[in-house]
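In the numbering used here, the protein residues as written are 5 to 164.
Ideal Cβ positions, reconstructed from N, Cα and C, are used throughout, including at glycine.
Only one structure is covered here, and it is reproduced in the block below.
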């Protein structure tokens with residue numbers, strides 16, 4: 005049995021848009037590139053053909069992954085309360101000893117990996133920083149251990 009995946013409404017829409025683009029644009033374009041490269045003759049040393057074939061494999065793998073994720077996705081309601089950080093919350097934090105504030109939107113692991121043009125950085129609740137922030141309230145301080153073993157302290161300034 006597949007495991008349910010909680011996602012935000014925005015995250016589900018982004019996953020659906022990516023799936024649509026892969027099926028309607030990327031896959032047909034790559035198939036056309038393969039056909040064009042194949043028309044050049046001998047495939048044994050045809051870099052363009054083999055490159056397009058590898059690309060098609062990655063596209064189809066991602067399509068399969070997205071279909072499975074969406075089939076098991078449960079949209080969580082947008083947080084109505086700003087008392088605690090939770091999936092879908094925007095959390096504004098400040099690292100101890102610094103004045104700059106950073107904002108992150110807590111999302112599921114399935115929603116991360118895509119750069120955003122605007123808005124807060126997406127942060128998975130499965131990542132160490134996201135796990136540390138999830139469930140905490142304004143004023144709380146969280147400790148996050150980096151891969152190098154250093155411990156960083158962050159204070160939650162606001163939850164939106």
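DSSP-derived helix/strand/coil call for residue 21: helix
Test item: CB-CB of residue 97 and residue 141 under 8 Å: no
Three-pair Cβ contact test at 8 Å for the segment 72-88 versus the segment 10-25: yes
Nearest to residue 143 (by Cα), restricted to the options 47, 32, 99: Nearest of 47, 32, 99 to residue 143, Cα basis: 99.
Residue span of the beta strand (DSSP E) that contains residue 93, given as start and end: Taken as a continuous stretch (DSSP letters only), residue 93 belongs to no beta strand (DSSP E), as it is neither H nor E.
Buried or exposed (CB count within 10 angstroms, at least 16 for buried), residue 75: exposed
Cβ shell of residue 110 (< 7 Å), same chain only, five flanking positions each side left out: 89, 90, 91, 92, 93, 95, 127, 129, 134, 137, 138
Residue span of the alpha helix (DSSP H) that contains residue 137, given as start and end: 132-137
Close-in-space but distant-in-sequence residues of the same chain around residue 47 (CB under 7 Å, 5 per side omitted): 53
First through last residue of the beta strand (DSSP E) which encompasses residue 77: 77-79
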